[in-house]
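Throughout, my numbering is defined as the position within the sequence shown, counted from one, plus 203. For every residue, glycine included, the Cβ atom is placed at its ideal position computed from N, Cα and C. Since this is a predicted model, take the numbers as computed values, not measurements. In what follows, a structure is listed as structure tokens, so that the remarks can point back to it.
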Amino acid sequence: FIIFWSIGSYIYAQVKEDDTNLLLIDGYLYGNIIEKPELERNNIYKREGVFTFSYKFIDKNGKELFFYINKDGSWDFIDVNQINDNVVKDFKLEVLNSNMNFSDPIYYQTGISYIIDKNNLNHPKTGLIENERNIWFHPPREYLFQILELNPYPYIKYPLEIGHEWIWKLRIGDSWGDKRWKQWKGVARFNYKYSIVGEKTIKTNFGNLDCFIVESEAISSIGKTRLTSYFNSKYGFVKLEYTNIDNSKLQIVLQSVSFPLFKIF
204 FIIFWSIGSY IYAQVKEDDT NLLLIDGYLY GNIIEKPELE RNNIYKREGV FTFSYKFIDK
264 NGKELFFYIN KDGSWDFIDV NQINDNVVKD FKLEVLNSNM NFSDPIYYQT GISYIIDKNN
324 LNHPKTGLIE NERNIWFHPP REYLFQILEL NPYPYIKYPL EIGHEWIWKL RIGDSWGDKR
384 WKQWKGVARF NYKYSIVGEK TIKTNFGNLD CFIVESEAIS SIGKTRLTSY FNSKYGFVKL
444 EYTNIDNSKL QIVLQSVSFP LFKIF
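What follows is the structure in structure tokens.
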């Protein structure tokens, strides 16, 4: 399921706003406030922007793999040196003009869509938050990337200062399990902790970028996952390094950014 499609199964408490300017629903979901000016939001992840990412997956035995999509919509791993017309080597995040709305219309998340299967014109929509205090969004969660539901989400909380820490939590149902990494019964509660641990200049397609390093972990009854994020104030999350629930590794790197009237790189 996508979180917003099953909101009624998980959320029972009254909506309230927390001190980070995010909407807090029972401690589990966040949303922007529609009454705030649009110019205060989406300064990095601008409407109609397209962010292209590459990925590198290393299984728990240290083997590098891609994945390919079958005609029936299922997927399988494939060796990086094998040839297959439907192999996925990169994906796109598209920021939409539409929003993901809560039951109360004054709260929302900016709509985003991940383009993973280039042969499918119907791409599931999910949400992103960007305002003057926070950036938070759902990772891609189709095919192999379903494993990322069990990891810390990309999340930055201002101010950007070394030593700044914050927490989050989420309940995740067993429909997100997969025999290729982890299966369980029922709903698992995940507690997340984030910390800005340093700064580093990294080489990218956009030149050498100064980034804040955010270390995060997710602890639950089914195991532990980690994410190291490299965040740049102009391009956002330029690199994401995941340690998954089965100790496999997944690295996601920003390759290009484009907007309707101009293109960066």
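Identity of the residues DSSP links to residue i by a beta bridge
i: Asn411; result: Lys406
i: Ile237; result: None, per the DSSP bridge assignment.
i: Gln312; result: Met303
i: Gln454; result: Lys259, Glu444
i: Leu373; result: Phe393
i: Trp278; result: Ile272
i: Tyr358; result: Trp339
i: Asn435; result: Gly439
i: Ile318; result: Lys295
i: Lys385; result: Asp381
Short Cβ contact (9 angstroms threshold) for residue i with residue j
i: Leu351; j: Ile375; result: no
i: Leu443; j: Val460; result: no
i: Asn394; j: Ile365; result: no
i: Leu431; j: Ile416; result: Sequence inspection shows Thr at residue 431; the Leu mentioned does not correspond to that position. It is a contact, given that the beta carbons lie within the stated cut-off.
Burial state of residue i (16 or more Cβ within 10 Å)
i: Ser451; result: buried
i: Asn235; result: buried
i: Pro463; result: exposed
i: Arg392; result: exposed
i: Lys382; result: exposed
i: Ser436; result: exposed
i: Lys360; result: buried
Member of the options whose CA lies at the smallest distance from the CA of residue i
i: Pro355; options: Ile247, Tyr346, Leu363, Lys372; result: Lys372
i: Trp387; options: Asp377, Leu268, Lys396; result: Asp377
i: Glu345; options: Asp279, Tyr438, Ile286, Val441; result: Asp279
Inter-residue CB distance, residue i and residue j (contact presumed, cutoff 8 angstroms)
i: Gly276; j: Leu299; result: That belief does not hold up - the Cβ atoms of Gly276 and Leu299 are roughly 22 angstroms apart, past 8 angstroms.
i: Leu296; j: Phe254; result: 4 angstroms
i: Tyr317; j: Tyr358; result: The Cβ separation is near 17 angstroms, so there is no contact.
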